[in-house]
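Data block below; observations after.
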Amino acid sequence: MRCIIDIGGGSTELVRGGDTPQQLESLDIGCVSYSKRFFADGLISRNTVNHFQRARRAARAELQELQHIAEGAEVTGCSGTIKAVARICNDGEVKAIKRGDIDQLAHRVSSAKHIADLDLPYLDEERRPVFAAGLAILHAIFCELDIMRMEVSPYAIREGIVHDLAGRLHGGDRRADTIAAMVERWQVDTNQAKRVSSTSLKLLQQLRPQYPPEGKVRLHWAIQLHETGLALTHSSFRKLGAYMVKHADMAGFAKSEQEHLAYLVHNQRGRIKPPREHYGFHPSPDLLLCLRLGCIIHRDRTERSLDGLKLYDQGDAYHLEADQQWLEDSPAIAELLEQEEQHWRSQNRPLQITAI
140 MRCIIDIGGG STELVRGGDT PQQLESLDIG CVSYSKRFFA DGLISRNTVN
190 HFQRARRAAR AELQELQHIA EGAEVTGCSG TIKAVARICN DGEVKAIKRG
240 DIDQLAHRVS SAKHIADLDL PYLDEERRPV FAAGLAILHA IFCELDIMRM
290 EVSPYAIREG IVHDLAGRLH GGDRRADTIA AMVERWQVDT NQAKRVSSTS
340 LKLLQQLRPQ YPPEGKVRLH WAIQLHETGL ALTHSSFRKL GAYMVKHADM
390 AGFAKSEQEH LAYLVHNQRG RIKPPREHYG FHPSPDLLLC LRLGCIIHRD
440 RTERSLDGLK LYDQGDAYHL EADQQWLEDS PAIAELLEQE EQHWRSQNRP
490 LQITAI
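Just so we're aligned, residue 140 is where the sequence shown starts under this note's numbering, counting upward by one.
As structure tokens, then:
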């Protein structure tokens, strides 16, 4: 069992597990954010106020509910803060940090008046402005989690991302395992998911024959999860399902990926809620349209041919041509399609449905 700890600029990540993660935690404590919060003027201690002790106390409060995450585990730390502490405690080498050594270092830094006064061996000048905050967080982790020894990795999250991407290229995408585990945990109707996924992907192929493979996979995963909320409620299952997807610990997924999946799950039917677009999150209306149409076509949870449907884009609007006989054979679906046309009138690219 391992416990991996990474102290970043704005947050600290803690992961416990073996070959696969069992517990993942992200806390809003980072060396940059804590520097701004506790050491904005560079002061460490003045009169009766010790900013280092205040920062350490605040970090310990954040860690209170995670006291057992490192229990019985081999603890390994990574990131610039941890490597900087390791060098200072080990004569310039990136080696394990022992509890006694970091206790002494914390006392030494806490006794200084100003960050500029820190005279520590092997401390890079670039690291100096955020070092006191980073050390306060790391010492809080040692104290609150009762760690006596922390191994230090020369790697950080960015290298892990590179390895993860390399694994995806060779069929080792852990995101698929994460989706499968969620489907099993929330007892999703896999037959319905297969029906909706097959139809939605066929419609996407009609609409955008050259759509990027990653987008197709995202659509498939969103559909696999689109009924997760039904495990707890029927009345608000879309909203609840989106919340579950957005806030779940989904190994292998970036936050922006989870946000896109949650957006699709939330908007699978009914009024289309405007997205809160920001850096890294720009939801695709193509994926949303195909998902919604797939959900409509299989609303009654039965197989249905697409031979009477054709979806295409003429630049200013989406167009869905539907065979008149196909619509007459499925009057309830025809009614839902008319409602869908109304929902898309408020979008930048509306949907126009024509019976032929």
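Yeah, the Cβ is synthetic: ideal placement off N, Cα and C, and Gly gets one too.
Inset, instruction - Let me know if Arg334 comes out buried or exposed under the rule of 16 or more other beta-carbons within 10 Å of its beta-carbon. - result: Counting Cβ neighbours within 10 Å, Arg334 comes out buried, since at least 16 surround it.
Inset, instruction - Using a threshold of 8 Å, state whether the C-beta atoms of Ala275 and Ala200 are closer than that. - result: No. Outside cutoff.
Legend entry - Counterpart residues of Pro160 in DSSP-defined beta bridges: DSSP, once it has assigned bridges, lists Gly156 as partnering Pro160.
Inset, instruction - Confirm, please, whether the CB-CB distance from Leu202 to Glu152 is below 8 Å. - result: No. Outside cutoff.
Inset, instruction - Look up Leu308 in the DSSP assignment and say whether it is helix, strand or coil. - result: Any answer about Leu308 is weak, because its pLDDT of 47 lies below 50 and its placement is not dependable; what the coordinates show is given next. Three-state DSSP puts Leu308 in a helix.
Legend entry - Contacting residues, own chain, Cβ-Cβ under 6 Å from Gly391 (five flanking each side not counted): For Gly391, same chain residues with a beta-carbon under 6 Å away, outside a window of 5 residues either side, are Arg313, Arg314, Thr317 in chain order.
Inset, instruction - Leaving aside the five residues before and after Lys175 along the sequence, list all residues of the same chain whose C-beta is less than 6 Å from its C-beta, in chain order. - result: If we look at Lys175 and ignore the five residues flanking it on each side, it has no Cβ neighbours.
Inset, instruction - Identify the continuous beta strand (DSSP E) that holds Arg496 and give its terminal residues. - result: The question about residue 496 has no answer here: the residues shown for the chain are numbered 140 through 495.
Inset, instruction - Consult DSSP for Phe270 and reduce its assignment to one of helix, strand or coil. - result: Residue state, collapsed to three classes: helix.
Inset, instruction - Taking all protein chains shown into account, decide if Lys412 is buried (16 or more other Cβ within 10 angstroms of its Cβ) or exposed. - result: Classification of Lys412: exposed, given that the 10 Å Cβ count is below 16.
Legend entry - For Gly216, the nearest candidate out of His207, Ile236, Lys355, Leu371 (CA to CA): Per the Cα distances, Ile236.
Inset, instruction - Report the residue ranges of all alpha helix (DSSP H) runs contained in full by the stretch 170-207; include only those spanning at least 4 residues, in chain order. - result: Counting whole runs of 4 or more residues, the stretch 170-207 contains the alpha helix (DSSP H) stretches 170-177, 190-202.
Legend entry - Cβ shell of Thr493 (< 6 Å), same chain only, five flanking positions each side left out: Cβ within range, chain order: Glu460.
Inset, instruction - For Ile495, count neighbouring Cβ atoms within 10 angstroms of its own Cβ and tell me buried if that reaches 16, exposed if not. - result: The residue in question, Ile495, is exposed, as its Cβ has fewer than 16 Cβ neighbours within 10 Å.
Legend entry - DSSP-derived helix/strand/coil call for Ser150: DSSP places Ser150 in coil when its eight states are reduced to three.
Legend entry - Host alpha helix (DSSP H) of His386 (start-end): Per DSSP, His386 is one residue of the alpha helix (DSSP H) stretching across 376-386.
Legend entry - C-alpha distance - Tyr393 paired with Gln463, whole-angstrom precision: A small fix is needed here, since residue 393 is Ala in this sequence, not Tyr. Cα to Cα, Ala393 sits roughly 44 Å from Gln463.
Legend entry - Residue(s) in a DSSP beta bridge with Gln397: Note: Gln397 sits in no beta bridge, so no partner.
Inset, instruction - Confirm, please, whether the CB-CB distance from Ala456 to Gln491 is below 8 Å. - result: Gln491 is a Cβ neighbour of Ala456, given a cutoff of 8 Å.
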